[in-house]
Amino acid sequence: MTDGVQEILPFVVVAVVVVVTAVEEVIVIVKNEYEAINNIDELIFVVVATTSVEEVAVLKLVIVIVFVFVVVFIVAVFGGSIIIIVVVEEVIVGVIVVYEEEEEHQHL
Numbered sequence: 005m006t007d008g009v010q011e012i013l014p015f016v017v018v019a020v021v022v023v024v025t026a027v028e029e030v031i032v033i034v035k036n037e038y039e040a041i042n043n044i045d046e047l048i049f050v051v052v053a054t055t056s057v058e059e060v061a062v063l064k065l066v067i068v069i070v071f072v073f074v075v076v077f078i079v080a081v082f083g084g085s086i087i088i089i090v091v092v093e094e095v096i097v098g099v100i101v102v103y104e105e106e107e108e109h110q111h112l
């Protein structure tokens, strides 16, 4: 690894741990409120079902921005492994499709 990557690696690890911990906390809180939630698809459905169309649009935009940032960061740090990029891209597409499907259901 280069010196630059070695210098920022501890910060990256801390940032990842903080984000993962925060996400876990949110999921625990949501699961306590909605005990029927067993997987991320149901979690997304509950989030979409309890928000307005405008909020969903903003949420979708935020998710896309975060994923794009993550992809750019992974490419910058790890030299752009094509497998990682493809997997993250599939996740982005999957999340967007789920939100669009749920948004259509709200209009019906």
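In the working numbering, the protein residues as written are 5 to 112.
Beta carbons: idealized from backbone N, C-alpha and C, even for Gly.
- Taking 8 angstroms as the cut-off, the Cβ atoms of residue 81 and residue 16 count as close.
- Rounded to whole angstroms, the separation of the alpha carbons of residue 98 and residue 28 is 20 angstroms.
- Of the residues 95, 96, 74, the one whose Cα lies closest to the Cα of residue 23 is 74.
- Rounded to whole angstroms, residue 20 and residue 26 show a C-alpha spacing of 10 angstroms.
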